[in-house]
Amino acid sequence: MTLTDDAIGKVKPTNKTQRLFDGGGLYLEISPAGGRWWRFKYRFGGKEKRLSLGTYPDTGLISAREKRDEARTSLAEGVDPAESRKAEKAAKREQSSNKFEVLTREWHTKRPLEILGIDDSEELAYRALLAHRLATVDEVANFLSLSLSKTQRLLDNIESKGLATHSLERPRRYVAAPPRLALEALASQQRAEIDRACLTILELEKQSVSTTDSQEHEQVVELITSHVALGQIYTQMLQSARKEVFGFQRAPMLFTAETQQATPSNVRVRSISDDGYLALPGILDSLRECTVRGEEARIFPNLPVKMLVADRRVGLIPLNTEDPAGGPILLVRSRALLNALYALFELTWERSTPIFFSRTGKLERGESAARLSEAAGHVMSLLAAGLNDKAIAHEAGMSAATVTRRISELMKAFDTRTRFQLGWRAALDAFPERLEPIRNKSSHRSYRHRDS
């Protein structure tokens, strides 16, 4: 008898496998768990075989009969339907594998810099600048065998992407940005495929270094004499920072407000300024804006150098700190030297006084002592006089434990972490004519550095 959908629907699973025959070798097998499979039973080469035709109801009754008829046709032609199906699956797997290989080959033949938005022509122009160090539009056009108009467009494009900059002279002279800083800045904006892009950085550095015989393969320091190139490096340092930026700020300034760039929001930014820097016109307004944006700022009377360091990976140190034009700048990549600069900064940071501003934005002298208890204020004056804990306890008529408690209260009120800082703050309150502390509380999110 032939099957119907109504008849199939009435059959319930039992503890044994059931078979409902439709005719022509087709039957529906129902397992005790409720699964329903279409099977085609046939003989080929003297052996009985079975072929699965799908599950019910995904494969309906009509569709199952069509598949049975196709299998019977193959048998009539002397072809085993099961082997024919295996051959079809193998062909599909091979086709899929070939397609995958083609896609993989096409992927690997793409230029890695394309992921950063740099096309073939722009990459060639950038490499041309790396080879020439400084070059005019005419020189790059001759090198690439392009028209002047097309070459100019290419140079404008790579300059807009931070790969190059130009001088103010006529005719313009273009200089390539350092490969590591330039590409890492782009990679920070387009995080996808960053690893593939970084592989190209090493290649470009090798090409750049090979043009000068006296240079080593990996430069740990480099002397920057072009102010234009320095501005490009400065901007890219801030944009490519990942964890922290710190620096010493001394007069004179090397960068104007127009060249300052914000760091990523998750980067901690700290600066220490000396008296000479704070005396520059407009600096206090600038520091106020920086602290509002999240910069942690402190002051120290005299700084030995001025510097800017990003992630302890790259740093800038002016060699002539008194030259208003900037003078030569040392670009540092040496890990040992950068760690030493970090240690110097941390040591100075611990001995520096935090910069604060009032809510109205005006500079004012800290008034923490006025809000303290009379006993704590007495301890403050004794600290300013340079007395140790034992002498303070004697003069104030307190126990050693009480002195310790009062000092903890003072450290919390003045936002200091060491007794050295607290003593200094006490001395500043005692001698306000030396230096006026200014107050503000901030977190760290962006950076508008006024110095290098």
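For what it's worth, the UniProt record's numbering labels the leading residue of the sequence shown as 1, then goes sequentially. Backbone N, C-alpha and C fix where the C-beta goes; we use that ideal spot for every residue, glycine too.
Residues of the same chain with a CB within less than 7 Å of the CB of ASP5, apart from the 5 flanking positions on each side, are LEU61 in chain order. Of the residues assessed, SER160 falls on the exposed side of the cut-off, its CB having fewer than 16 other CB atoms within 10 angstroms.
Nearest C-alpha to THR416 among TRP349, GLY397, THR402 and CYS290: TRP349. PHE356 sits in a strand when the DSSP states are folded into three classes. As computed with DSSP, LYS47 is found in a beta bridge with PHE44. For PHE143, the CB contacts under 8 Å within the same chain, skipping 5 residues up- and downstream, are ALA128, ALA131, HIS132 and ALA135 in chain order.
With respect to LEU53, ARG68 sits close: the two C-beta atoms are nearer than 8 Å. The residue from LEU338, GLU123 and PRO281 with its alpha-carbon nearest to that of VAL245 is LEU338. Annotation: VAL314 to LEU331 spans about 7 Å, alpha carbon to alpha carbon. When the five nearest sequence neighbours on each side are left out, the beta carbons in the same chain lying within less than 8 Å of the beta carbon of VAL228 are those of THR165, HIS166, SER167, LEU168 and VAL175, in order along the chain.
Boundaries of the beta strand (DSSP E) harbouring LEU26: 26–30, taken from the DSSP string. Going by beta carbons, LEU284 and LEU183 fall outside the 8 Å limit. Here LYS10 is exposed: its Cβ has fewer than 16 other Cβ atoms, across all protein chains shown, within 10 Å. With the rule of 3 Cβ pairs closer than 8 Å, the stretch 284–301 does not count as touching the stretch 221–239.
In this structure, ALA87 lies away from PHE40, with their beta-carbon atoms at least 8 Å apart. In terms of Cβ geometry, SER188 and PRO304 do not form a close pair [threshold 8 Å]. Excluding five sequence positions before and after GLU139, the CB atoms of its chain that fall closer than 7 Å to its own CB belong to HIS132, given in chain order. In terms of CA proximity to GLY276, MET253 leads the group MET253, THR291 and VAL267. Rounded to whole angstroms, the gap between the alpha carbons of HIS394 and LEU387 is 10 Å.
When the beta-carbon positions are compared, ALA64 and LEU20 stay at least 8 Å from each other. Within the DSSP secondary-structure output, MET380 pairs in no beta bridge. The shortest CA-to-CA distance from LEU75 to any of GLY45, ALA90 and SER286 is the one to GLY45. Here GLU222 is bridged, per DSSP, to LEU331.
Taking C-alpha positions only, ALA91 is separated from TRP38 by approximately 24 Å. Using a 10 angstroms sphere on the CB of GLU123, the tally of other CB atoms reaches 16 or more, which defines it as buried. Within the same chain, and ignoring the five residues on either side of ASN15 in sequence, the residues whose Cβ sits closer than 7 Å to its Cβ are PRO32. In this structure ARG242 touches ASP311 by the C-beta definition: roughly 6 Å separates them, less than 8 Å. The beta carbon of LEU204 sits closer than 7 Å to those of LEU130 and PRO179, all from its chain and outside the five residues before and after it, given in chain order. The straight-line gap separating the alpha-carbon atoms of VAL292 and ARG153 is approximately 40 Å.
Restricting attention to GLU222, SER145, ILE224 and MET237, the CA atom closest to the CA of LEU186 is found in MET237. Annotated as distal: SER226 and LEU181, with beta-carbon spacing of 8 Å or more. 8 Å or more divides the Cβ of LEU344 from the Cβ of ILE329.
Around MET307, the same chain offers GLY247, PHE248, GLY315, LEU316, ILE317 and LEU341 as residues with beta carbons nearer than 7 Å, after the five sequence neighbours per side are excluded. With 16 or more other Cβ atoms inside 10 Å of its own Cβ, ARG250 counts as buried.
LEU155 has its alpha-carbon roughly 20 Å from the corresponding atom of THR200.
Between ILE8 and THR17, the C-beta spacing is not below 8 Å.
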